[in-house]
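K.L.:
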Ligand SMILES: Cc1cc2nc3c(=O)[nH]c(=O)nc-3n(C[C@H](O)[C@H](O)[C@H](O)COP(=O)(O)OP(=O)(O)OC[C@H]3O[C@@H](n4cnc5c(N)ncnc54)[C@H](O)[C@@H]3O)c2cc1C
């Protein structure tokens, strides 16, 4: 039988988490979002000594505030108008990565032996106009080329397939592979399993400084002193998994990590009888819409929230909430009398080329970054890739060169 949510177990409210920071560890991971927790799991599974340090609680930032969508189809934010052949090739590469991530999500509940609310009920992308329909077809061709199944439906075929959608839409694409999971469960479950494997966690522990220690021998200078609000820990390898804050700590080591930051909204409604099996997105406007298996609707798609200075959380704006809901109603008119219950915001970090920043710095050997813009969809997979790199024989591990953390993407 699958275990109950780790939230109910309260595994971090233990004496160990309250006790002093260990003096040293092979690996220190900074950041307890999905990237940090899944990496802690994969490293601890390979018996690598690991301490994860989080300044707040596990899963409090992007990993616990996102919409939980698997983005396997090419989404609005990845598209540019009049795409060149090289841009199409870049997109095809991204789709291949997304297809690989889908395989990991197929296995994740079995791997972690837990119910994470993973559902592969397919994804619909709607087009309202003939111009959007042209983009939808272009996107569909790139996906097919990259090995992702998708189908274009128009007219009566579309209305029969998805009778709940506005009948006057120009058309849809349907990707049977798409789906979603519960973001409140995935990161904490990875953390829980990592903890069971022997990884150490310290929450409420703010990393304020990373210093290199000059040592000789095999380590050849690759040792670090990580200074936190709860003491100092030394390690051979650091992984910066601080998401939107990854640039701040990296700059202390002379590394420039060009990240864009954006506050995003997500909305949840009251429950209604379950009818919307597939996730719904829009090719030309900001929308992701799904009905959870608790029967509520989660509505998002990248509507901006108001920037605030840390530690204040980004705040909601009515114009974004209203705009988001207006698009949802245009596409799914039967939501008209469904009440909105709550809107929240999170901070999203992205690179200009939308590729992950993943691996070890050549400029600062031993210093790693694990960051990826579509981080709920791709986070566990890139964490697994980084773990494989870090557990390979020194010098033998490989990661895609386009993820290189020293690259300039500004
Ligand atoms: C509103 C919203 C909706 C989204 N929807 C989707 C979606 O549907 N699908 C999808 O694939 N992606 C989505 N994303 C993107 C996805 O959520 C992120 O890419 C992903 O969660 C990033 O995970 P992370 O672990 O890198 O960062 P985070 O989850 O932000 O974790 C970073 C952690 O580092 C900690 N930290 C920072 N500085 C320090 C320090 N100095 N010391 C100690 N700890 C520190 C923070 O407290 C935080 O817990 C969405 C993002 C947002 C904000």
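In the numbering used here, the protein residues as written are 70 to 479.
Glycine is no exception: its CB is placed at the ideal position from the N, C-alpha and C atoms.
1. Would you verify that the beta carbon of residue 432 is, or is not, closer than 8 Å to some beta carbon of chain D?
2. Can you name the start and end residues of the beta strand (DSSP E) that residue 359 belongs to?
3. Apart from the five residues just before and just after residue 386, which ones in its own chain have a Cβ nearer than 7 Å to its Cβ?
4. Roughly how many whole angstroms lie between the Cα atoms of residue 317 and residue 224?
5. Where residue 390 and residue 336 are concerned, what is the direct C-alpha to C-alpha distance, given to the nearest angstrom?
6. Give me the Cα-Cα distance between residue 366 and residue 393, rounded to the nearest whole angstrom.
7. Over the uninterrupted alpha helix (DSSP H) stretch that includes residue 226, give me the two end residues.
8. By the 10 Å Cβ neighbour count, where 16 or more other Cβ atoms means buried, how is residue 428 classified, buried or exposed?
9. Can residue 35 be considered in contact with ligand 1, in the sense that its beta carbon sits closer than 7 Å to one or more heavy atoms?
10. How about residue 129: is its Cβ closer than 7 Å to a heavy atom in ligand 1?
11. Among 147, 474, 300 and 237, which has the Cα closest to the Cα of residue 437?
12. Kindly provide the ranges of any beta strand (DSSP E) runs that are 3 or more residues long and lie completely inside the stretch 357–408, ordered along the chain.
13. Could you tell me the alpha carbon to alpha carbon distance between residue 459 and residue 292, rounded to whole angstroms?
14. Beta-carbon within less than 6 Å of residue 201's beta-carbon, same chain only, minus the 5 sequence neighbours each way: which residues are those?
15. Quick check for students: name the residue ranges of the alpha helix (DSSP H) that lie wholly in the stretch 274–323, counting only runs of 4 or more.
16. Just list the alpha helix (DSSP H) runs in the stretch 111–196, keeping only unbroken ones of 4 residues or longer that don't cross its boundaries, in chain order.
17. Threshold first: 4 residues or longer. Then list the alpha helix (DSSP H) segments lying entirely within the stretch 430–468, N to C.
18. Can you tell which of 347, 396 and 380 has the C-alpha that lies nearest to the C-alpha of residue 371?
19. Have a look at residue 471 and residue 383 and give me their C-alpha separation to the nearest angstrom.
20. For the alpha helix (DSSP H) containing residue 333, name the first residue and the last one.
21. Excluding five sequence neighbours on each side, which residues of the same chain lie with their C-beta closer than 8 Å to the C-beta of residue 296?
22. How is the beta strand (DSSP E) around residue 271 delimited, first residue to last?
23. Let me check you understand the geometry: is the CB of residue 416 closer than 7 Å to at least one non-hydrogen atom of ligand 1?
24. Compute the distance between the beta-carbons of residue 164 and residue 143, then report whether it is under 8 Å.
P.N.:
Let me lay it out:
1. You won't find chain D in this structure, because it holds only one protein chain.
2. Taking the first residue of the chain shown as 1, we reach residue 359 at position 290. Note, residue 359: beta strand (DSSP E), 357–360.
3. Translated into positions along the chain shown, residue 386 becomes position 317. Taken in chain order, the residues that qualify are 374 and 375.
4. By one-based count along the chain shown, residue 317 stands at place 248. By one-based count along the chain shown, residue 224 stands at place 155. In a straight line, the C-alpha of residue 317 is about 51 Å away from that of residue 224.
5. Taking the first residue of the chain shown as 1, we reach residue 390 at position 321. Taking the first residue of the chain shown as 1, we reach residue 336 at position 267. Approximately 8 Å, taken between the alpha carbons.
6. Taking the chain shown and counting its residues from 1, one reaches residue 366 at position 297. Taking the chain shown and counting its residues from 1, one reaches residue 393 at position 324. Cα to Cα, residue 366 sits roughly 13 Å from residue 393.
7. Within the chain shown, the letter at position 157 stands for residue 226. 224–230 is the span of the alpha helix (DSSP H), which, as asked, contains residue 226.
8. Indexing the chain shown from 1 puts residue 428 at position 359. Residue 428 should be labelled buried.
9. This structure leaves residue 35 out entirely; the chain is present only between 70 and 479.
10. By one-based count along the chain shown, residue 129 stands at place 60. Residue 129 Cβ: within cutoff of ligand 1.
11. As a first step, residue 437 is located in the chain shown; it is residue number 368 there, counting from the start. Closest option to residue 437, Cα to Cα, is 474.
12. For the beta strand (DSSP E) assignment, the uninterrupted runs of no fewer than 3 residues enclosed by the stretch 357–408 are, from N- to C-terminal side, 357–360 and 366–369.
13. Indexing the chain shown from 1 puts residue 459 at position 390. Indexing the chain shown from 1 puts residue 292 at position 223. Straight-line Cα distance between these residues: approximately 15 Å.
14. The residue given as residue 201 occupies position 132 in the chain shown. For residue 201, where only same-chain residues beyond five positions count, the Cβ hits under 6 Å are 352 and 353.
15. Scanning the stretch 274–323 for uninterrupted alpha helix (DSSP H) segments of 4 residues or longer gives 315–320, listed from N- to C-terminal end.
16. Correct list: 131–134 and 154–181.
17. Listed in chain order, they are 444–460.
18. Numbered from 1 along the chain shown, position 302 holds the residue referred to as residue 371. Checked all of 347, 396 and 380; the closest Cα to residue 371 is 396.
19. Position 402 of the chain shown holds residue 471. Position 314 of the chain shown holds residue 383. The straight-line gap separating the alpha-carbon atoms of residue 471 and residue 383 is approximately 31 Å.
20. On the chain shown, position 264 is the one that residue 333 refers to. No alpha helix (DSSP H) holds residue 333; the beta strand (DSSP E) holding it covers 329–338.
21. In the chain shown, counting from the first residue as 1, residue 296 sits at position 227. Taking C-beta separations shorter than 8 Å and ignoring five residues to either side along the sequence, the partners of residue 296 in its chain run 276, 277, 278, 279 and 280, following chain order.
22. Residue 271 sits at position 202 when you count from the first residue of the chain shown. In the DSSP assignment, residue 271 falls within the unbroken beta strand (DSSP E) covering 269–271.
23. Position 347 of the chain shown, counted from the start, is the residue given in the question as residue 416. Residue 416 has its CB nearer than 7 Å to a heavy atom of ligand 1.
24. Walking along the chain shown from the start, residue 164 turns up at place 95. Walking along the chain shown from the start, residue 143 turns up at place 74. Cβ distance < 8 Å, so residue 164 and residue 143 count as in contact.
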